[in-house]
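Chains as they are written, first to last, in this note's numbering: chain U, 1 to 272; chain P, 1001 to 1272. C-beta atoms are modelled at their ideal positions from N, C-alpha and C, and glycine is treated no differently. One structure is given here, and the rest of the page talks about it.
2 protein chains.
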Amino acid sequence: MTGPRDPIASPTNPRVRAAAALRDRRERDLTGRILIDGARELLRALDAGVALETLFVCPSLCRSADCHELLRRVAPVDRRHVPVTEAAFAKLAFGDRAEGVVGVALRPGLDLTTLDPPVAPLLVVVEAVEKPGNLGAILRTADAAGADGLIAADPMTDLFNPNAIRASLGTIFSVPVAAATTAATLAWLRSRAIRVVVARVDGPELYTETDLSGPIALVLGSEADGLTPAWSGPDVQAIRLPMNGVADSLNVSTAAAVLLYEACRQRSTVRG
Amino acid sequence: MTGPRDPIASPTNPRVRAAAALRDRRERDLTGRILIDGARELLRALDAGVALETLFVCPSLCRSADCHELLRRVAPVDRRHVPVTEAAFAKLAFGDRAEGVVGVALRPGLDLTTLDPPVAPLLVVVEAVEKPGNLGAILRTADAAGADGLIAADPMTDLFNPNAIRASLGTIFSVPVAAATTAATLAWLRSRAIRVVVARVDGPELYTETDLSGPIALVLGSEADGLTPAWSGPDVQAIRLPMNGVADSLNVSTAAAVLLYEACRQRSTVRG
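Given below as structure tokens:
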């Protein structure tokens, strides 16, 4: 048996291999567990009450202030704290992003019922989001703009892809998130009388001339294909961002940022 | 001699090797040449009058409409058109982004004098930008927002890094761009009475409560270190974006997008 003070030295150790396998979506789906890279991301997961099961720690790589704070909260005496050598850590860490800590946690629920939005929420919906980096960037902006939640409709990526977690800087744990089909998302929004405002290149109204106050969901489609036809109907408002240059589209995370901050401005929720 | 209709088949062909070497900044600096991936990016370079010297074409990989348009403009009879086999193209292309075309062009000038802004320009300045992807994303937004130019102050990356070109979708050729030291940039802005508005986490004014009309340069620093102290003085206005979440910063390209579109809104240059 490896005691709490004897670091795991072998990259083929079963615990190390089981954790590293969580970089694959199939393994995350099978086990209901996720992998979290980065001290800041792990701190935000803990703050949000995510059930951390294991924290692999490579002491010689732990240099940042965030890392030291994390090790105060999950100390060596904590049974979740598992020291590993650099050789074993290399198997666990993602590329060169090693910060000396990698965590395994239970995957948070993603049901729409977990959202529990306030009375007049500002939500963002992204349909068919494919790139974990874009999802993470949108979450980071949603956090900064003070949005009340994000729904991934028919997502093409796992929300808890380690790269999405990392790109979100851990805000995926603090911003309420859900995943559902487009049909279920629309039904859920309509049942709560949350106004559906979709961004389309050919939207008839300029986003700055549209009322973005009250209960609202800002809906963005994939860069390549836009939104599916499901996002239509008499209760769906289509808006556009101005495109003054040679290109005809913005990155989805850029469009989300411009819309979320304009909604903030109009709602005067800007606490600054 | 390889005739115009005999494709280059060898990855070690001197022309192929010389072009592939342009993925390294040092080689670009030495030769004054750049490498352009992607049919859309090449079309935008041609539209902007960039001096394309060679267009390597792998006919079996040319499937997109943009690619066919490009081959109408640089046809097989054009002496710049150089057919290559898939084996030779693999050496030229970047990762799996192969679209069947890679171009070599003379590097456009980056002097501040090339900017030639209109009377009351909207400019964006990014200091110490490091990631080609961020630079490309900001250029794409600057294009969409109709900004009059971008200045990279003390850049940590080559503006014409192939990944920056690609991330910009080729808008790096249509948006006026310059690179200069921070000192030269400030002097240039001041000599033209262009108002300097810097984004700082601790800026005293909210960006939505600041006048962003008239001749203006929106200045953003690096995510890690912010702006250098040079960006201060009685004529420098510091603004902030609201941060309502657990994270304390936005991605630099996100912050640029929010500021540029707010400037657009205030200036009513939104042509939609």
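How about residue i and residue j: are their beta carbons less than 9 Å apart?
| i | j | result |
| --- | --- | --- |
| residue 1126/P | residue 1219/P | yes |
| residue 1067/P | residue 1095/P | no |
| residue 132/U | residue 164/U | yes |
| residue 1257/P | residue 1203/P | no |
| residue 69/U | residue 169/U | no |
| residue 1056/P | residue 1124/P | no |
| residue 154/U | residue 201/U | no |
| residue 246/U | residue 1044/P | yes |
| residue 1244/P | residue 145/U | yes |
| residue 1010/P | residue 1088/P | yes |
| residue 212/U | residue 151/U | no |
| residue 1215/P | residue 1117/P | yes |
| residue 80/U | residue 115/U | no |
| residue 71/U | residue 19/U | no |
| residue 319/U | residue 22/U | Since the first residue of chain U shown is 1 and the last is 272, residue 319/U is not available in this structure. |
| residue 48/U | residue 108/U | yes |
| residue 1032/P | residue 1135/P | no |
| residue 37/U | residue 166/U | yes |
| residue 1173/P | residue 1028/P | no |
| residue 84/U | residue 162/U | no |
| residue 205/U | residue 1262/P | no |
| residue 1158/P | residue 1025/P | yes |
| residue 1199/P | residue 1259/P | yes |
| residue 60/U | residue 156/U | no |
What are the partner residues of residue i, as DSSP defines its beta bridges?
| i | result |
| --- | --- |
| residue 222/U | 226/U |
| residue 1037/P | 1102/P |
| residue 1195/P | 1216/P |
| residue 1125/P | 1151/P and 1219/P |
| residue 1179/P | 1152/P |
| residue 1205/P | 1239/P |
Grab the span of the alpha helix (DSSP H) containing residue i for me, first residue to last.
| i | result |
| --- | --- |
| residue 189/U | 182-191 |
| residue 167/U | 162-167 |
| residue 1264/P | 1252-1267 |
| residue 25/U | 25-31 |
How many whole angstroms separate the CB atoms of residue i and residue j, which I take to be in contact at a CB cut-off of 8 Å?
| i | j | result |
| --- | --- | --- |
| residue 1073/P | residue 1046/P | 6 Å |
| residue 1178/P | residue 1149/P | 7 Å |
| residue 1015/P | residue 1082/P | 7 Å |
| residue 277/U | residue 207/U | Any question about residue 277/U goes unanswered here, given that chain U covers just 1 to 272. |
| residue 1268/P | residue 1137/P | Rounded, the Cβ-Cβ distance is 25 Å, inconsistent with contact. |
| residue 228/U | residue 171/U | With 8 Å as the limit, residue 228/U and residue 171/U do not qualify as a contact, their Cβ atoms being about 27 Å apart. |
| residue 1142/P | residue 1186/P | Actually they do not touch by this definition, with Cβ atoms about 20 Å apart. |
| residue 86/U | residue 62/U | Residue 86/U to residue 62/U, Cβ: 11 Å. No contact. |
| residue 175/U | residue 139/U | 5 Å |
| residue 90/U | residue 64/U | Actually they do not touch by this definition, with Cβ atoms about 18 Å apart. |
| residue 217/U | residue 189/U | 5 Å |
In terms of residues, what are the limits of the beta strand (DSSP E) holding residue i?
| i | result |
| --- | --- |
| residue 239/U | 236-240 |
| residue 8/U | Taken as a continuous stretch (DSSP letters only), residue 8/U belongs to no beta strand (DSSP E), as it is neither H nor E. |
| residue 1136/P | Here residue 1136/P belongs to no beta strand (DSSP E); instead the alpha helix (DSSP H) covers 1132-1145. |
| residue 1151/P | 1149-1153 |
| residue 1053/P | 1052-1057 |
What residues from chain C crowd round residue i, counting only those whose CB sits closer than 8 Å?
| i | result |
| --- | --- |
| residue 111/U | The chain labelled as chain C is not found among the protein chains of the depicted structure, namely U and P. |
How about residue i: is its Cβ closer than 8 Å to a heavy atom in the ligand FAD?
| i | result |
| --- | --- |
| residue 1074/P | The ligand FAD is not part of this structure, which contains no ligands at all. |
Jot down the residue ranges of each uninterrupted alpha helix (DSSP H) in the segment 1065-1098 of chain P, minimum 4 residues, whole runs only, in chain order.
-> 1065-1073 and 1086-1092
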